[in-house]
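Chains as they are written, first to last, in my numbering: chain A, 792 to 1029; chain B, 792 to 1029. For each residue, glycine too, the CB sits at the ideal point set by N, CA and C.
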């Protein structure tokens, strides 16, 4: 018996939920930093510092202070600012390569096996703040079996704005309650629930490293709570 | 040597170029018409009559007389009008099933083998007037290996408006000249070329049935001209 009666599409938060952004960014930052003689900078600290600028950058869009701007652009502005703080200058091609580290993130080991089990019975798409190209390049490189690339750019709104969820359901030709969001973040799920979607929490206890203190447990009675995508597939009867 | 030096993404017209819409619609129309005791109506004629309303419906959007409206909605309005002419009434579920015949079209036999050869070296996406759900359901059912679902809904503009082409390139993070449109229609290719894209004509001599008189040859010096997706893959060196 499925945990989600009536749900036809599963949409997924991506950074942290499907892919391990912190180790992926650190891997490529390490190469970049070594090339610039800055092995003194911890690559994981670099990843955290870059990611720390993520919410404020999107907030400028969510608040209406700037028009919708895709995440590749925000990531690049944030990178330029971060490198300025470190006093590092680099060529355009190298900056573009590092910015696209977000396109080269690896999935958690259970993600693709779980998605492949869910796919025959559900429509699968990311509902991420990543832009279409970022998510599509990531999927192409890693073999993530999405049926379409959805998310902020298709909806022209950043989570947790309600339009990010409701427009995604509309693109899918579904009522919000026929769509379930899978995410490792209680805040994202809370916003999805307010917009009418079903919710599944998947625990990612090391997204932020070994000492993670946030999102270490389900904070509401989400329709499903699982320790991996494979465990979620079990609950869905897939 | 590739026919497209510098081209990183291949985008594809879909109805007629990738899939055989006429036989697909006729197949499901035949079932519907028989159920309603109207075997007197030729299913291929029904498909042609439904398709005939396609350009005028999009023209209402292109001209600005109505806001961007996805193709599933236009198809359904056109179906309702067509059935009204035939004096046929049906239940909502049945109308929705028939309207989604556009989601269940089969690719031409060479399409998927050709795409699978092109995919390792190119980013592949539809650039169709079909909406995201339509194209994604079609791909899921038939196994079409797109990297992302692009087109009118992502660009919020219907071909041959220039924005349909230029916004698609922008989503891909590419200059227009780094994108090539593959299409069986000279008019589509001409608009893509005016927008700065590269162009490939693939001949589909029976899209409109055995007596087709349009698009039976390349009408400009398109960068590539091929008789099938496999022949195009040859020209691309894939």
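Looking only at C-alpha atoms, which of the options sits nearest to residue i?
{"i": "residue 873 of chain A", "options": "A:804, A:794, A:844 and A:960", "result": "A:844"}
{"i": "residue 861 of chain B", "options": "B:810, B:941, B:1005 and B:820", "result": "B:941"}
{"i": "residue 852 of chain A", "options": "A:996, A:920 and A:811", "result": "A:920"}
{"i": "residue 883 of chain B", "options": "B:804, B:868 and B:877", "result": "B:868"}
{"i": "residue 890 of chain A", "options": "A:850, A:897, A:899 and A:863", "result": "A:863"}
{"i": "residue 992 of chain A", "options": "A:1021, A:1002, A:797 and A:855", "result": "A:1021"}
{"i": "residue 934 of chain B", "options": "B:967, B:897 and B:859", "result": "B:897"}
{"i": "residue 810 of chain B", "options": "B:850, B:854 and B:930", "result": "B:930"}
{"i": "residue 888 of chain A", "options": "A:823, A:797 and A:857", "result": "A:823"}
State the CB to CB distance for the pair residue i and residue j, rounded to an integer number of angstroms; the pair is presumed to be in contact (CB under 8 Å).
{"i": "residue 981 of chain A", "j": "residue 956 of chain A", "result": "No, residue 981 of chain A and residue 956 of chain A are not in contact; Cβ-Cβ is about 11 Å, not under 8 Å."}
{"i": "residue 971 of chain B", "j": "residue 959 of chain B", "result": "Actually they do not touch by this definition, with Cβ atoms about 11 Å apart."}
{"i": "residue 909 of chain B", "j": "residue 794 of chain B", "result": "Not confirmed; about 12 Å, so no contact."}
{"i": "residue 969 of chain B", "j": "residue 821 of chain B", "result": "Wrong, their Cβ atoms sit about 43 Å apart, outside the cutoff."}
{"i": "residue 978 of chain B", "j": "residue 951 of chain B", "result": "6 Å"}
{"i": "residue 995 of chain A", "j": "residue 899 of chain A", "result": "7 Å"}
{"i": "residue 815 of chain B", "j": "residue 895 of chain B", "result": "6 Å"}
How many angstroms separate the CA atom of residue i from the CA atom of residue j?
{"i": "residue 903 of chain B", "j": "residue 936 of chain B", "result": "7 Å"}
{"i": "residue 892 of chain B", "j": "residue 827 of chain A", "result": "57 Å"}
{"i": "residue 806 of chain B", "j": "residue 812 of chain B", "result": "6 Å"}
{"i": "residue 949 of chain A", "j": "residue 1006 of chain B", "result": "43 Å"}
{"i": "residue 866 of chain A", "j": "residue 998 of chain B", "result": "45 Å"}
{"i": "residue 944 of chain A", "j": "residue 803 of chain A", "result": "15 Å"}
{"i": "residue 974 of chain A", "j": "residue 881 of chain B", "result": "41 Å"}
{"i": "residue 946 of chain B", "j": "residue 825 of chain A", "result": "40 Å"}
{"i": "residue 1010 of chain A", "j": "residue 985 of chain B", "result": "54 Å"}
{"i": "residue 801 of chain A", "j": "residue 808 of chain A", "result": "13 Å"}
{"i": "residue 830 of chain B", "j": "residue 1029 of chain A", "result": "41 Å"}
{"i": "residue 905 of chain A", "j": "residue 879 of chain A", "result": "41 Å"}
{"i": "residue 1004 of chain A", "j": "residue 976 of chain A", "result": "12 Å"}
{"i": "residue 871 of chain A", "j": "residue 1019 of chain A", "result": "35 Å"}
{"i": "residue 901 of chain A", "j": "residue 886 of chain B", "result": "40 Å"}
{"i": "residue 859 of chain A", "j": "residue 847 of chain A", "result": "14 Å"}
{"i": "residue 840 of chain A", "j": "residue 911 of chain A", "result": "39 Å"}
{"i": "residue 849 of chain B", "j": "residue 953 of chain B", "result": "14 Å"}
{"i": "residue 818 of chain A", "j": "residue 877 of chain A", "result": "18 Å"}
{"i": "residue 1014 of chain A", "j": "residue 1027 of chain A", "result": "11 Å"}
{"i": "residue 796 of chain A", "j": "residue 1016 of chain A", "result": "15 Å"}
{"i": "residue 938 of chain B", "j": "residue 922 of chain B", "result": "16 Å"}
{"i": "residue 857 of chain B", "j": "residue 854 of chain A", "result": "28 Å"}
{"i": "residue 967 of chain B", "j": "residue 907 of chain A", "result": "34 Å"}
{"i": "residue 1000 of chain B", "j": "residue 1012 of chain A", "result": "56 Å"}
{"i": "residue 875 of chain B", "j": "residue 832 of chain B", "result": "14 Å"}
{"i": "residue 1002 of chain A", "j": "residue 842 of chain B", "result": "59 Å"}
| request: With a floor of 3 residues, list each beta strand (DSSP E) that falls wholly inside the segment 946 to 989 of chain A, ordered by position along the chain. | output: 970 to 974
| Touching by the beta-carbon criterion (3+ pairs, under 8 Å), the segment 903 to 922 of chain B and the segment 950 to 966 of chain B | yes
| task | Tell me the start and end of each unbroken alpha helix (DSSP H) in the segment 815 to 854 of chain B that is at least 4 residues and wholly inside, in chain order. | result | 834 to 843 and 845 to 853
| Is it a yes or a no for the segment 919 to 935 of chain A touching the segment 835 to 844 of chain A, going by three-plus beta-carbon pairs under 8 Å? | no
| Any beta strand (DSSP E) of 3 or more consecutive residues that is wholly inside the segment 896 to 924 of chain B | 914 to 919
| task | List in chain order: all unbroken alpha helix (DSSP H) runs of 4+ residues lying wholly within the segment 1000 to 1028 of chain A. | result | 1020 to 1026
| Within the segment 861 to 886 of chain B, ranges of the alpha helix (DSSP H) (whole runs, at least 4 residues) | 862 to 877
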